[in-house]
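The block underneath contains the structure these notes are about, expressed in structure tokens.
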Amino acid sequence: MRVVEPGGSEHGQGPFRLNDLLRASFLVVLCCFGSLVDAHLGAQTQFVEPSAMDDSDTRSITKANFLFHFAASNEWPAEFMEGPFRLVIIGNPSLHAILSDKYAMKAIGAQSLEIVLLDDAELLKKEPFAHVIYSEESGETLQKISKSIRDQPVLLISDAADGLQSGALINFVAVNNRIRYEINSEEATKRELLIGNRILSWAVK
Amino acid sequence: MSTMNTNIRSFLFAGLIVLSAIGSSVCAQGEVERATDLGQLGKWTEAKQVLEPVMASSAHQSSGRSWFVMGFIHKELHKSQGEFGADAPERLAAVSCFQRAIQLGLNATDRRMAIEALDFLARSYFREAIAMVEGFTWGSTTDILSLYGRYEALELSLNPQKDLSMQRSDLNRYLGQAHAMLLESPSTRPAAELQAIFQEAIDHYRAALEGNENDYATQYNLAITLYNEGVRKLKGIGHETSMFELMEIQDGCITLFEQSLAPMQAAHAQQPNRLETLKGLMTLHYALSQKDESDRYRAQIEKILGNR
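Protein chains in written order, with the numbering used here: chain S, 1 to 205; chain L, 1001 to 1308.
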């Protein structure tokens, strides 16, 4: 930007010409300068505009990290440690997208990780065995899911106030604004699932 | 007789001194005029060559007009050479010459012009500082603050009562956002550098609020920068992150989200129906696992959108 200024040579100002005519043009230049500075500052809109908020689903990011740890740090009976390791998400496409993006190419032990999204819990019936099922359902629907996998070594994970009571083995809870989890270890043992020590040690219950 | 001789000698000696002073003054005036003529022709380098070597003489040292003309020469050279930076020598010299000229005394016209020239030079520091923020690069903050410092000192020398807190606040807000933009742009910067950039952004926003605590944009941008940093850390978690690290990172993120809440609420208090702050509060409460609060803001957004 070319700056026009008071006393600048561009307009014959300075100590060199001091007649009235130039004095008048001096004032014009002053006004122009003010406008230019305003225009310049006005052009700083990029700094006046508010910043963009990151739209990522933070709770799903956190849950995805936990789910991967739950899959990787627990032990299933030997006969279920072959073939793909299946992790089913019911009704949370955002969580599924994050998990797929971050962990789809990873392995659980020697098993390749398969991440599946189901729109509805009813669709579970048509699905092959899943090592981990995550659902945000509660109450009767969660109980139904739990019954449908009864006696199977399936790690059912929920995010509901009545999660553990409704049959989930791990339930996400909010503690001091953080996402934590509680575990029903007794039920896990019944299902021959060995919950890892690290997972147990961080559980709130 | 000898007394008379002594008086004559003294008179002649005094006359010699007066003549020498007049001669020196006339000579000095001539040099100033020659420099002025060269300036009129745009020959600033030649004008400087005429005046600068003789500025050390007592006639020029005590002449406000000489310093005034010298000030213009330096100013024009500063412009023609495209100098930049807080320590640009021609600009510094111009400032110093004009200040000295005013101190020594000038006629009313010259004095007004010297003040206007100083004001121009002050603004040139400010413009340069802003231009550096526009093309901001990591590490240039010191230079920007030096330029702004020169602007502030010069403005205050012209008008000691001038309140520059808004300008300082604006500059800090621009710097805060410039740093925040570095964080948002894709880069391969090491983690320590990213952390330092983030801290600078936050510090500048907070400094901006000290001068203008009710500035909506600063409050909102501070909240967003804190929140986005939390999200950035959360996204950094990978399959190799241990359970302990995961918990620790989550704690750090939640602390940032919690810190973000106060400025977001302050921005919202100023413009309660602004969608971006409502969305900000909805998102923040969601991130803090406060579903009811998040839903309350979601309902407000839906209500506003429904009324459009």
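Built from N, CA and C at the ideal position, the CB exists for glycine as well.
So is S:V204 buried or exposed if we call it buried at 16+ other beta carbons inside 10 Å? exposed
By alpha-carbon positions, which one of L:H1239, L:Y1151, L:R1173, L:K1235 ends up nearest to S:S60? L:K1235
Which residues of chain S have a Cβ atom closer than 8 Å to the Cβ of L:Y1227, listed in chain order? M53, D54
In chain S, which residues lie less than 9 Å from L:L1234 when you measure between Cβ atoms? S56, T58, I61, T62, N65
Would you mind giving the Cβ-Cβ distance between L:L1281 and L:H1268, rounded to the nearest angstrom? I have them listed as a contact below 8 Å. 6 Å
In chain L, what lies closer than 8 Å to S:I179 by C-beta? Q1250, S1289
Determine the closest residue to S:T62 out of L:S1294, L:C1253, L:E1293, L:A1266, with distance taken between C-alpha atoms. L:C1253
In the DSSP assignment, find the unbroken beta strand (DSSP E) run with S:A64 in it and report its ends. Here S:A64 belongs to no beta strand (DSSP E); instead the alpha helix (DSSP H) covers 58-73.
Please report how far the alpha carbon of S:I179 lies from the alpha carbon of S:A72, in whole angstroms. 19 Å
So, L:N1221 versus L:A1266, is the Cβ gap smaller than 8 Å? no
Going by the beta-carbon positions, is the gap between L:L1147 and L:L1118 smaller than 8 Å? no
Grab me the residues of S:L164's own chain with a C-beta within less than 7 Å of its C-beta, minus the 5 sequence neighbours each way, in chain order. N171, E182, N184
Excluding the 5 residues flanking L:E967 on each side, which residues of the same chain have their C-beta closer than 7 Å to its C-beta? The requested residue 967 of chain L does not occur in the structure, where chain L is confined to residues 1001 to 1308.
Can you name, in chain order, every residue of its own chain whose Cβ lies under 8 Å from the Cβ of S:Q111, other than the five neighbours on each side? M81, E82, G83, P84, F85
Can you confirm whether S:K106, when its beta carbon is compared against all beta carbons of chain L, has any partner nearer than 8 Å? yes
Starting from S:L117, follow its DSSP beta bridges and name the residues at the other end. S:I89
Flag this pair as touching only if the region 1104-1122 of chain L and the region 1065-1076 of chain L have three or more C-beta atom pairs under 8 Å; answer yes or no. yes
Per DSSP, which one or two residues make a beta bridge with L:H1304? Checking the sequence shown, residue 1304 of chain L turns out to be Ile, not His. DSSP, once it has assigned bridges, lists no residue as partnering L:I1304.
Of the choices L:R1232, L:K1079, L:E1052, L:N1273, whose alpha-carbon is the least far from that of L:E1302? L:N1273
Provide the residue(s) that pair with S:E182 in DSSP beta bridges, ordered along the chain. S:N171
Between L:H1239 and the rest of its own chain, which residues show a CB-CB distance below 6 Å, the 5 nearest in sequence each way excluded? none
Contact set between the region 166-178 of chain S and chain L, restricted to residues whose Cβ is under 7 Å from the partner: A174, N177, R178
For L:A1101 versus L:A1088, is the C-beta spacing smaller than 8 Å? no
Element boundaries [beta strand (DSSP E), containing S:V132]: 132-135
For chain S, find out if any of its Cβ atoms is closer than 8 Å to the Cβ of L:Q1271; answer yes or no. no
For S:Q111, which of helix, strand or coil comes out of DSSP? strand
Going by the beta-carbon positions, is the gap between S:G139 and S:S158 smaller than 8 Å? no
C-alpha distance - L:H1204 paired with L:V1231, whole-angstrom precision: 21 Å
Between L:V1069 and the rest of its own chain, which residues show a CB-CB distance below 7 Å, the 5 nearest in sequence each way excluded? V1032, A1035, T1036, L1051
State the Cα-Cα distance for the pair S:A168 and L:M1247, rounded to the nearest angstrom. 22 Å
Note down, in chain order, each residue of its chain lying with its Cβ closer than 6 Å to the Cβ of L:L1209, except the 5 sequence neighbours on either side. T1218
In this structure, does DSSP put L:L1041 in helix, strand or coil? coil
Please list the partners that L:H1239 has in chain S, where partner means a Cβ-to-Cβ separation under 7 Å. F68, Y103, K106
By the DSSP assignment, the beta strand (DSSP E) with L:I1130 in it spans what residues? Premise fails: L:I1130 lies in the alpha helix (DSSP H), 1108-1134, not in any beta strand (DSSP E).
Specify the secondary structure class of S:L164 as computed by DSSP and reduced to three states. coil
Buried/exposed call for L:T1255, threshold 16 Cβ in 10 Å: exposed
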